[in-house]
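This report concerns only the one structure given below.
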Amino acid sequence: MTASLTEARAIGYVARRVQDEIRVHTQDARRALLCSALHSRGLRSLLPRITLQRAGSALNCAGRSGHPSRYAQPDIKGRVGRPMHFRPSVNHAFTNKNRHSMTSRLVAALVAAALSCTALPAAYARTYVAPTASFGTGAYVHRFVLRDPVTHRPLPNARYRLLLPGQVIAGLPPHEKGGESVVFGTTDAAGRTVRIRLPARHPEHEWALQPIVGEGDMGGTFRVIDIDTGRPYGRYSYVLDVTGAYLACGQIDANGYTVFAQSHEDRKLWLHPTVLRIPTDTDWCAGPAADIANSAGNPGVPDLYTQYLGSLVADGQHLGRALRQQIAAKMVALAIAERDEGRIDTALEVGNFTDRMLNTVGYDLVNAGLKIDRAMAMIDARLAKSPDDAYALDSKGWALYRLGRNDDALTWFDRSIAIFAKDGDIDKDAREAYASGLTHKGEVLWKLARRDEAREAFAQARQVQPENADLAETLKRLAIPLGQRWREGAGYGKRIAGDASGHASGCLALQRLSRGTGRAAAGRVRHLHRTRPATLASITPRPSHPG
C-alpha cells in the first residue's frame, strides 16, 4: 500500500512538472508532447483533456495507438544526406572511468525528439538498401529474417545492419583494406533482408544481423560473450546510453549482439546491464525508446528531457524499477548539462534512486558542482547500506573535497584505496577506478601543498594503470610534468594490465561510435554481479566473429 501511494504521489508530481514543461515550449512542441501524453494510461486521469488548435485544425492523433514508428520503413527516395558507406572500422573499446565516482560523462546537451504524431525526418541519414537487392557471387544464397530478440517475431520494414565478420562481398561499395563488407538495409513485409551470394555456406550464427536505432553515418554496437564458454551470454538485458543523444534498450540477440546505435557525431556509447520486465519494459524499449532515438533531431518538438519525463509519466508506474532509474539518471544528466537545478530536482524525485544508483547519480552531481549537499546525502545513504563500497567511499571523499574539506576528504580516499589495494589481482575496470582514486588523493594533496606526497600518489596511479584518463587530465590541469620515475612506473603498470587481461568481471562497457561499419566491441562477462553502479563487463577489443 505504501509503495502504491508513493508511486501515485510521484506520478502526480511528475504530471504537474509535465504541465510546467508544456508551458515553456512552442506550440508544435506542445502538440507533440500532448499527443503522446493523451494516449497514455498514466496521464489520462492526471492531465486535463486539452485540444490545441493550429492553422484551423485540431490536434488529431486518432488511429495512432501504440508506437507506429517502431518498425517504420525509411523513406529512401525522399532522404537527403550522405549515401551509405561500407567502410569497416574497429570501434576500440575502453572500460568505464568509474562513471559513478570518477568522472561525469553524461553532461552533453541532447537533441529534441518526438514520441509520436510527428513525421520522421527525411534528411541526415544513411541510404538503406531495399530488400530486393542482391550482392556477392557464388552458389550459396544467404537471406535472413530480422527478428525481435524478445518476441522472436519478424520485424517488417525495419532498418538493419548485416555483415559476415571478415568477409568481403562482391558488388558492395569499396571498403577499407582488411575489413568486411557491411549492408545497411530495410527488411520487407516479412522481415527479410537482401540476398548475399557466397562460394561457401555460412550458417546464421556466424553473421551479425542487428536492428538499427538512431540516425547518422556513425555507429557502434556490442557483443556480450560469456568469459568461460566464449559463447553469447544468453538472455542478457541491457541499456545503451549514447552520450549526448539517447537511450536504447532490449535484450541481446541469439549471437550476443545489441542493437546498432547511430549518431551524426562521434560519441561515446555506454553499455549497462539491467533487469527488464517482459513485456512492460521490453515494450517500452521497442516503442517509446526507439521512437525517441529514431526521430532525434526533429524540429518543433520538446527537448529530450521533456520527452523522457513525459514517457515516465505515461508509463513509469508500469516499468520495472531498474529501467525507471536508468531513464531518470539520463534526465539528471541532461539537467546537469543545462545546469538546471529545478529539472535536477524533478529527475531525482522521479528516479527515487536506490542502492548503487545513489552513488552513481550522487557522484555526477558532485562532479558537476550542483546540489552537493543532496548528492552527499545520496552517497551517505549508499554507504549506510554498503560501508565498504570502495567506489562510494571515493565519491564521499570527492564530495568533501568539493566542499573544501580537504583533510576529511583524504580520510575517505585512503579507505577507498585500501579496499582496492587489498583486492590484489583486480580486473581492468577496478584498476581504472583504483588509479582514479589515487589521482583524486594526489590532487587533494597537491592543493594542500604536500607536493612530494601528491607526486607519490600520482606515481602509484601510473603504476596501477598507465593510460588512466583521469590521471592524464589532472596532471595537465595542474601543470605537473611527467618525470623519468613515472615513466618507469608506467612499464610496471602495463605488466599488471597484461597479466589480468583475461580476468574480466562485472563492469561497464564503453566504446566510441565511429564512422562506417562500427565493428562490435566484445564484452566478456563472468557473471551479472556488478562490482559498482551501472556496470557491465570489462571490454577487451577482439574480432567480432562469433564464438
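Here the sequence shown is numbered in my numbering, starting from 318 and rising by one per residue.
All residues carry an ideal CB built from backbone N, CA and C; glycine is no exception.
Everything numeric in this text was worked out from a predicted model, so none of it was measured.
Using DSSP with H/G/I as helix, E/B as strand and the rest coil, what is V678? Looking at V678 - three-state DSSP - the assignment turns out to be helix.
Collapsed DSSP secondary structure at H581 in the structure displayed: In the structure shown, H581 sits in coil (DSSP, three-state: anything other than H, G, I, E or B).
For a minimum of 4 consecutive residues, which ranges assigned as the alpha helix (DSSP H) are wholly contained in the stretch 625-704? Those alpha helix (DSSP H) runs which fall completely within the stretch 625-704 and span 4+ residues are 638-655, 658-668, 673-685, 689-702.
I need the boundaries of the alpha helix (DSSP H) containing S733, first residue and last residue. Per DSSP, the continuous alpha helix (DSSP H) segment holding S733 begins and ends at 723-739.
Within the continuous beta strand (DSSP E) that includes H459, where are the two ends? Run containing H459: 457-459, per the beta strand (DSSP E) assignment.
Selected residue, minimal CA-CA separation from A525, among R540, D545, K745, N684: Measuring from the Cα of A525, the nearest candidate turns out to be R540.
For D705, does the count of other Cβ atoms within 10 angstroms reach 16, so buried, or fall short, so exposed? With fewer than 16 other Cβ atoms within 10 Å, it is exposed.
Bridge partner(s) assigned by DSSP for R478: R478 is bridged by DSSP to F501, Q527.
Check whether the Cβ atoms of L870 and T510 sit closer than 8 Å, and answer yes or no. The structure shown does not extend to residue 870, since the chain is modelled only from 318 through 864, so no value can be given for it.
If you drop the 5 nearest sequence neighbours on each side, which residues of the same chain put their C-beta closer than 7 Å to that of A606? These residues qualify, in order along the chain: L564, A565, C566.
Can you tell me where the alpha helix (DSSP H) with Q780 in it begins and where it stops? 768-781 is the extent of the alpha helix (DSSP H) around Q780.
Nearest-angstrom Cβ-Cβ length linking H589 and D620, presumed shorter than 8 Å: About 23 Å; that fails the 8 Å criterion.
Is it buried or exposed, V592, if we count other Cβ atoms within 10 angstroms and call 16 or more buried? V592 is exposed by the Cβ-count criterion.
Hey, P471 and I569 are a contact pair by Cβ (cut 8 Å); roughly how many whole angstroms apart? At roughly 18 Å, the Cβ-Cβ gap does not stay under 8 Å, so P471 and I569 are not in contact.
Distance, Cα to Cα, K811 vs L788? In this prediction, K811 scores a pLDDT of 30, lower than 50, which makes its location untrustworthy; the coordinate-derived value is nonetheless stated afterwards. Cα to Cα, the separation comes out at about 15 Å.
First through last residue of the alpha helix (DSSP H) which encompasses I609: Here the alpha helix (DSSP H) through I609 covers 607-611.
F867 versus K702 - alpha carbon distance: Outside the displayed range of the chain (318 to 864) lies residue 867, so it cannot be described from this structure.
Would you list the one or two residues that DSSP bridges to V514? Per the sequence shown, the amino acid found at residue 514 is Arg instead of Val. Assignment of beta-bridge partners to R514 by DSSP yields G453, V458.
Going straight from the alpha carbon of R514 to that of E497, what length do you get? Taking the straight line joining both Cα atoms gives about 15 Å.
Just verifying my parser: in three-state terms, what is the DSSP assignment at N748? It is worth fixing the name first, because residue 748 is Arg in this sequence and not Asn. Looking at R748 - three-state DSSP - the assignment turns out to be helix.
Would you kindly work out how many angstroms separate the C-alpha atoms of A456 and A517, rounded to a whole number? Between A456 and A517, the C-alpha separation is close to 7 Å.
Backbone CA spacing between A664 and V649 [nearest angstrom]: The straight-line gap from Cα to Cα measures roughly 6 Å.
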